[in-house]
Amino acid sequence: MRIFIALDIPAEVRAHLTEYMERARKLAPDARWARVEGLHVTLKFVGEFSDARLQEMKTALAWVKAAPFEVKFDGMGFFPNPKAARVFWAGVDGGEHLPRLASAIDMALAGLDITREEKPYRPHLTLARASQRPLRELQALLEEPAPQFGTQGLGTRGFGTMTAREFFLYQSQPQKGGSKYTKLERFGLE
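Under my numbering, the first residue of the sequence shown is numbered 16, with each subsequent residue one higher.
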């Protein structure tokens, strides 16, 4: 089964993202837009993992300790960079707490022969992926105000905040139109 560990995001943040994405979608209709109900803050992507060893993973994750912390959803950007925009994302800022939690999860799972992360942790919400050409339509909106988005344009949009009090072990099941995500286990932050 395909596995990842993530923070869920609250309904009010999803509502702001839904409204924003519905308007932005008109500017880049060829992009593959994310389903808002599937958005999450990934802490660790595991990939394929044996069902038989799932309990071992749950036990390892239960040892991860962190206090609740604030997470802000704000700003926009592109991967790999604005000139070759293949992914359009919304920013996620949890201060030092969010990367620390991701690192603790990474270390906890290293004992299960799961590859440790080599790249720096860059939290974000993927909103759209380029289908065949870079997302140039959205690039320009980050630099200039756009009347259809008010005077601020796309780049200065805030979507809300939350207090992270838990993280989840998810199963990802690829399907037509986007993967289905199922929560397998909850882990509280205290």
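Cβ coordinates follow ideal geometry from the N, Cα and C atoms, glycine included.
Since residue i contacts residue j with CB under 8 Å, what's their CB separation in whole angstroms?
i: Leu32; j: Val51; result: 6 Å
i: Ala179; j: Pro83; result: 6 Å
i: Pro149; j: Val107; result: Contact doesn't hold; Cβ gap of about 23 Å is too wide.
Thinking C-alpha only, which one of the options is nearest residue i?
i: Arg29; options: Ala117, Asp89, Glu132; result: Asp89
i: Gly53; options: Tyr136, Val102, Ala43, Thr197; result: Thr197
i: Ala119; options: Arg148, Phe182, Ala145; result: Phe182
i: Val56; options: Leu76, Pro189, Leu142; result: Leu142
i: Thr176; options: Tyr35, Gly109, Ala67, Met36; result: Gly109
i: His243; options: Lys98, Leu69, Lys87, Leu124; result: The chain is shown from 16 up to 205; residue 243 falls before or after that span and cannot be answered.
i: Val61; options: Met91, Glu132, Arg201; result: Glu132
i: Met16; options: Arg47, Leu69, Trp48; result: Leu69
Look at residue i and residue j and say whether their C-beta atoms are less than 8 Å apart.
i: Leu184; j: Lys80; result: no
i: Ala43; j: Leu199; result: no
i: Leu140; j: Ala105; result: yes
i: Phe19; j: Ser187; result: yes
i: Ala100; j: Ala145; result: yes
Quick check: what's the CA-CA separation for residue i versus residue j?
i: Arg40; j: Glu85; result: 29 Å
i: Gly203; j: Gly173; result: 26 Å
i: Gly126; j: Ser194; result: 28 Å
i: Leu58; j: Pro95; result: 19 Å
i: Met122; j: Phe93; result: 28 Å
i: Phe103; j: Trp78; result: 34 Å
i: Pro97; j: Gln147; result: 16 Å
i: Leu76; j: Tyr136; result: 18 Å
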